Amino acid sequence: MNKKRTKIADISRGREDQLLEIPPGELSALPCPYEKGEGSAPVPAIPEQHKEKYDFSLDGVSALGLPKNPSPEEQDRLVEGFLSGLRKLLSKDDNWTFWQQLVLSLEACTHCQTCNDACPIYTASGKQEIYRPTYRAEVLRSIVNRYLKKSGRAFPKLMGCDIELNWTTVARLAELSFRCTMCRRCASWCPMGSDNGLITHELRKLFSQEMGIAAKELHAQGSVRQLEVGASTGLRPKAFKGIVEFMEEEIEAKTGRATKLPVDREGADILFLHNSGEFLSWLENPIAFAIILEAAGKSWTLSSELAGYEATNYGVWYDDVQFARVALKQIEVARKLGVKKIVVGECGHAHKALTVIADRILTGENNFPRESFLPLLEDLVCNEKIKLDPGKNDFPVVLHDPCNMVRLMGIVEPQRRIIRKICPKFREMEPHGVDNYCCGGGSGFAIMQSLNFPEWKSSVSGRMKMKQILDSFQDVIRPEINKYVCAPCSNCKGQIRDILAVHHAWEKCRIFYGGLAELVVNAMVDMKEPFITWEWR
Ligand code: SF4
Ligand code: SF4
Numbered sequence: 014m015n016k017k018r019t020k021i022a023d024i025s026r027g028r029e030d031q032l033l034e035i036p037p038g039e040l041s042a043l044p045c046p047y048e049k050g051e052g053s054a055p056v057p058a059i060p061e062q063h064k065e066k067y068d069f070s071l072d073g074v075s076a077l078g079l080p081k082n083p084s085p086e087e088q089d090r091l092v093e094g095f096l097s098g099l100r101k102l103l104s105k106d107d108n109w110t111f112w113q114q115l116v117l118s119l120e121a122c123t124h125c126q127t128c129n130d131a132c133p134i135y136t137a138s139g140k141q142e143i144y145r146p147t148y149r150a151e152v153l154r155s156i157v158n159r160y161l162k163k164s165g166r167a168f169p170k171l172m173g174c175d176i177e178l179n180w181t182t183v184a185r186l187a188e189l190s191f192r193c194t195m196c197r198r199c200a201s202w203c204p205m206g207s208d209n210g211l212i213t214h215e216l217r218k219l220f221s222q223e224m225g226i227a228a229k230e231l232h233a234q235g236s237v238r239q240l241e242v243g244a245s246t247g248l249r250p251k252a253f254k255g256i257v258e259f260m261e262e263e264i265e266a267k268t269g270r271a272t273k274l275p276v277d278r279e280g281a282d283i284l285f286l287h288n289s290g291e292f293l294s295w296l297e298n299p300i301a302f303a304i305i306l307e308a309a310g311k312s313w314t315l316s317s318e319l320a321g322y323e324a325t326n327y328g329v330w331y332d333d334v335q336f337a338r339v340a341l342k343q344i345e346v347a348r349k350l351g352v353k354k355i356v357v358g359e360c361g362h363a364h365k366a367l368t369v370i371a372d373r374i375l376t377g378e379n380n381f382p383r384e385s386f387l388p389l390l391e392d393l394v395c396n397e398k399i400k401l402d403p404g405k406n407d408f409p410v411v412l413h414d415p416c417n418m419v420r421l422m423g424i425v426e427p428q429r430r431i432i433r434k435i436c437p438k439f440r441e442m443e444p445h446g447v448d449n450y451c452c453g454g455g456s457g458f459a460i461m462q463s464l465n466f467p468e469w470k471s472s473v474s475g476r477m478k479m480k481q482i483l484d485s486f487q488d489v490i491r492p493e494i495n496k497y498v499c500a501p502c503s504n505c506k507g508q509i510r511d512i513l514a515v516h517h518a519w520e521k522c523r524i525f526y527g528g529l530a531e532l533v534v535n536a537m538v539d540m541k542e543p544f545i546t547w548e549w550r
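According to this note's numbering, the sequence shown is numbered sequentially starting from 14.
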């Protein structure tokens, strides 16, 4: 179907056709050395073996693995479930967490479409209509008007809401709620304060809490697994302790100092909470923090308790109930250890989840002090409490701004003050700070691997970030020069790794990626060898 003719009511129609097929030539262009399209990930093809089993009717992509043809009874049940959930979303008592923001966002929109060009997915896709930030909201508004208001039921055409609520609508809308990274760049452009990222969140919540539809990587393999075994990665406490022992060996090898890392140390000042993905994929980040905290003589500890070594809270992306369960568990661990505060490491959504959103449920004795790692790291670096030689970071560095930390929480300058102090060849992406583009892996996309969704993430949702990275290194793009994308967020780091990998950017341009703590340790004067090893992983 041609994008220019996609209407709101089309979402209910033509189940056998895809609502959108993205022509590869319409994806936004990338700069040198990809100006002719070399190395670019293709628009995903539907895997032949899955065509008959799963629903690809939105845009030929499946993030949720919804069944193609549920029985008529099941379809009726799901449509009823959707309506029931929608009533709850719009009820102040049932949706005390976000009712006000949802209703204001739905009602305040004047349809000016100012927000469209702010959206990296809409822009990168070649402005496909269904990826427009307000398309989801307009579908939702039409369903509300048609099915929950008397005037809409009596005169749907007259009221501009002749949308049909059927399984096709529900399935496509569920998938569409996973074509937005909830980066809220559109919200910061909106003159009315409408927040389409929040509308995405509320839709996902409806699907999860009322209908049991959620991305398995966020739910069954995410927050459920975290509460059952200790971490969403499946890392169990015993294995975690084994990793800490390995970290001690690595630290001794790198610093020459035998180090016993604090685990479950009662009464420490700081409980340091990492995204558990760091322990499995980027151990250099927790090692770097351990080296810094030990060098600065800080009173700190890690925890080996269930959920005590996992900062993530995937509930923040899809389900308020799961969110509350995880946040309460993390606080319980800190209280039991008797630490003074929790410090959240390089994980953007954990920042927002535990330090901002959790304020709504962590009241009374659960209102435990929580903060970002950035004030601590800034104090150590900028007040010269550890000895640093910026000359050791003699390579171009660009900073990625994780949406959750920067646009959503307003933490913009501390990371820059640190980098300016230790990286003489630091440059900014354009745009940056609160205007920065999402990495394309936000809201759980970075860990979602269902069917052909990873290809979509690389070719569409991560495209603007890839462009920004390449743009920022154009003067040094040749492969003789090592370059570093600093992504101080575990999920962003995973997404940036993936987009660099599908474009072979390490081989073609020597663009590498990593965290912020690694740059600090790389600059420490008493490190005998460079901490950053420039080996692709
Ligand atoms: S959400 Fe805001 S910017 Fe977007 S169309 Fe509505 S009023 Fe305009
Ligand atoms: S929240 Fe981000 S991804 Fe979602 S519609 Fe807005 S700009 Fe696009």
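No residue lacks a Cβ here, since even glycine has one placed at the ideal position from N, Cα and C.
Here the structure is a predicted model, which is why all the values come from computation and not from measurement.
Kindly list the residues whose CB is nearer than 6 Å to the CB of A347, restricted to its own chain and excluding five residues on each side of it in sequence; keep chain order.
Position 334 of the sequence shown, counted from the start, is the residue given in the question as residue 347. Within the same chain, A347 has close Cβ partners L284, I355, F381.
When we look at the beta-carbon of Q113 and count the other beta-carbons within 10 Å, is it buried (16 or more) or exposed?
Locating residue 113 in the sequence shown gives position 100, where the first residue counts as 1. Exposed, because fewer than 16 other Cβ atoms sit within 10 Å of the Cβ of Q113.
By alpha-carbon positions, which one of R420, S317, Q335, T314 ends up nearest to K365?
Taking the first residue of the sequence shown as position 1, residue 365 is located at position 352. Of the listed residues, the one whose Cα sits closest to K365 is R420.
First and last residue of the beta strand (DSSP E) that includes L284?
As a first step, residue 284 must be located in the sequence shown, where it is residue number 271. First-last of the beta strand (DSSP E) with L284: 283-286.
Of the residues Y450, I374, N504, which one's Cα is nearest the Cα of F111?
What you label residue 111 is simply residue 98 of the sequence shown in a count that begins at 1. Comparing Cα-Cα distances from F111 to each of Y450, I374, N504, the minimum goes to I374.
If you follow the alpha helix (DSSP H) that V116 is part of, which residue opens it and which one closes it?
Looking up residue 116 in the sequence shown gives position 103. Note, V116: alpha helix (DSSP H), 112-121.
To the nearest angstrom, report how far apart A252 and I304 are at their CA atoms.
What you label residue 252 is simply residue 239 of the sequence shown in a count that begins at 1. What you label residue 304 is simply residue 291 of the sequence shown in a count that begins at 1. Distance between the alpha carbons of A252 and I304 is about 21 Å.
Less than 8 Å between C-beta atoms, sequence neighbours within five positions excluded: which residues of the same chain meet that for S104?
The residue given as residue 104 occupies position 91 in the sequence shown. Answer for S104: W112, listed in chain order.
For A137, which option in T182, M477, E215 has the closest C-alpha, if you only look at C-alpha atoms?
Numbered from 1 along the sequence shown, position 124 holds the residue referred to as residue 137. Taking only the C-alpha atoms, the option nearest A137 is M477.
How many angstroms separate the CA atom of E307 from the CA atom of V92?
In the sequence shown, counting from the first residue as 1, residue 307 sits at position 294. In the sequence shown, counting from the first residue as 1, residue 92 sits at position 79. Computed Cα separation, rounded: 56 Å.
Which of the three DSSP states, helix, strand or coil, is assigned to I370?
Locating residue 370 in the sequence shown gives position 357, counting from the first residue. If DSSP states are grouped into helix, strand and coil, I370 belongs with the helices.
I'd like to know if the region 489-498 and the region 516-523 are in contact, where contact means that at least 3 CB-CB pairs between them fall below 8 Å.
Yes: at least three Cβ pairs fall under 8 Å.
Following the continuous beta strand (DSSP E) through Y526, name the residue where it begins and the one where it ends.
Start at 1 with the first residue of the sequence shown, and residue 526 comes out as number 513. 524-527 is the span of the beta strand (DSSP E), which, as asked, contains Y526.
Report, in whole angstroms, the separation of the C-beta atoms of K438 and P467, which I expect to be a contact under 8 Å.
The count along the sequence shown starts at 1 and reaches residue 438 at position 425. The count along the sequence shown starts at 1 and reaches residue 467 at position 454. K438 to P467, Cβ: 32 Å. No contact.
First and last residue of the alpha helix (DSSP H) that includes S503?
Translated into the one-based positions of the sequence shown, residue 503 becomes position 490. Residues 503-515.
Write down every uninterrupted run of the beta strand (DSSP E) in the region 343-392 whose length is 3 residues or greater and which is fully enclosed by it, in chain order.
Whole beta strand (DSSP E) segments, 3+ residues: 354-357, 383-385.
Given S25, which residues of its chain have a CB within under 8 Å of its CB, disregarding the five upstream and five downstream residues?
If you number the sequence shown from 1, residue 25 lands on position 12. Excluding residues within five positions, the ones whose Cβ falls inside 8 Å are I176, E177, L178, N179, T181, T182.
Going by the C-beta, is H124 closer than 7 Å to any heavy atom of ligand 1?
Residue mapping note: residue 124 aligns to position 111 of the sequence shown, counting from 1. It does: the Cβ of H124 is within 7 Å (strictly closer) of some heavy atom of ligand 1.
Does the distance from the CB of C451 to the CB of T194 come in under 8 Å?
Within the sequence shown, residue 451 is the residue found at index 438, counting from 1. Within the sequence shown, residue 194 is the residue found at index 181, counting from 1. Yes, Cβ-Cβ distance for C451 and T194 is below 8 Å.
To the nearest angstrom, report how far apart R430 and L390 are at their CA atoms.
The count along the sequence shown starts at 1 and reaches residue 430 at position 417. The count along the sequence shown starts at 1 and reaches residue 390 at position 377. One C-alpha to the other measures close to 10 Å.
Can we count M195 as close to ligand 1, meaning its CB is less than 7 Å from some heavy atom?
Position 182 of the sequence shown, counted from the start, is the residue given in the question as residue 195. No, the Cβ of M195 stays beyond 7 Å of every heavy atom of ligand 1.
If A244 sits next to E345, beta carbons under 8 Å apart, how far is it from one beta carbon to the other, in whole angstroms?
Numbered from its first residue, the sequence shown carries residue 244 at position 231. Numbered from its first residue, the sequence shown carries residue 345 at position 332. About 16 Å; that fails the 8 Å criterion.
Taking 7 Å as the cut-off, is the CB of P204 close to at least one heavy atom of ligand 1?
For the purposes of this step, residue 204 is identified with residue 191 of the sequence shown, where counting begins at 1. Yes, the Cβ of P204 comes within 7 Å of a heavy atom of ligand 1.
Just how far apart, CA to CA, sit N15 and A309?
In the sequence shown, residue 15 corresponds to position 2, counting from 1. In the sequence shown, residue 309 corresponds to position 296, counting from 1. Residue confidence is low: N15 scores 47 on pLDDT, short of 50, so the model does not pin down where it sits. Its coordinate-derived value is still stated next. Whole-angstrom Cα-Cα distance: 60 Å.
Check whether the region 93-103 and the region 435-449 touch, using three or more Cβ-Cβ pairs below 8 Å as the test.
With a cut-off of 8 Å, the region 435-449 and the region 93-103 do not count as touching, because too few Cβ pairs lie within range.
Going by the CB atoms, is the gap between S236 and Y327 shorter than 8 Å?
Position 314 of the sequence shown holds residue 327. Position 223 of the sequence shown holds residue 236. Closer than 8 Å, so yes.
Work out the CA separation of K163 and S155 for me, nearest whole Å.
Residue mapping note: residue 155 aligns to position 142 of the sequence shown, counting from 1. Residue mapping note: residue 163 aligns to position 150 of the sequence shown, counting from 1. C-alpha separation (whole angstroms): 13 Å.
Tell me, please, which residues DSSP counts as bridged to C499.
Working through the sequence shown from its first residue, we reach residue 499 at position 486. DSSP lists L412, G527 as partners of C499.
Starting from H214 and walking both ways along the alpha helix (DSSP H), at which residues does that stretch end?
Working through the sequence shown from its first residue, we reach residue 214 at position 201. Counting along the chain, the alpha helix (DSSP H) containing H214 begins and ends at 209-218.
Please determine if the region 254-269 and the region 284-301 are in contact, where contact requires at least 3 C-beta pairs separated by less than 8 Å.
Yes: the two stretches touch, three or more of their Cβ pairs being nearer than 8 Å.
According to DSSP, is L315 part of a helix, a strand, or is it coil?
Residue mapping note: residue 315 aligns to position 302 of the sequence shown, counting from 1. Three-state result, L315: strand.
Among T19, W469, K470, K353, which one has its Cα closest to the Cα of E142?
Along the sequence shown, one-based indexing puts residue 142 at 129. It is T19 whose Cα lies nearest to the Cα of E142.
Apart from the five residues on each side of it in sequence, which residues of its chain come closer than 7 Å, Cβ to Cβ, to N417?
Counting from one through the sequence shown, the residue named residue 417 turns up at place 404. Here the set comprises G361, H362, H364, K365.
Note down the Cα distance separating I545 from P204, rounded to an integer number of angstroms.
By 1-based counting over the sequence shown, the position of residue 545 is 532. By 1-based counting over the sequence shown, the position of residue 204 is 191. If you take the alpha carbons of I545 and P204, they lie about 44 Å apart.
Just checking my contact of N396 with L532 at CB under 8 Å: how many whole Å lie between their CB atoms?
To locate residue 396, count along the sequence shown from 1; it is residue 383. To locate residue 532, count along the sequence shown from 1; it is residue 519. Contact doesn't hold; Cβ gap of about 17 Å is too wide.
State the Cα-Cα distance for the pair R440 and L186, rounded to the nearest angstrom.
Working through the sequence shown from its first residue, we reach residue 440 at position 427. Working through the sequence shown from its first residue, we reach residue 186 at position 173. Between R440 and L186, the C-alpha separation is close to 40 Å.
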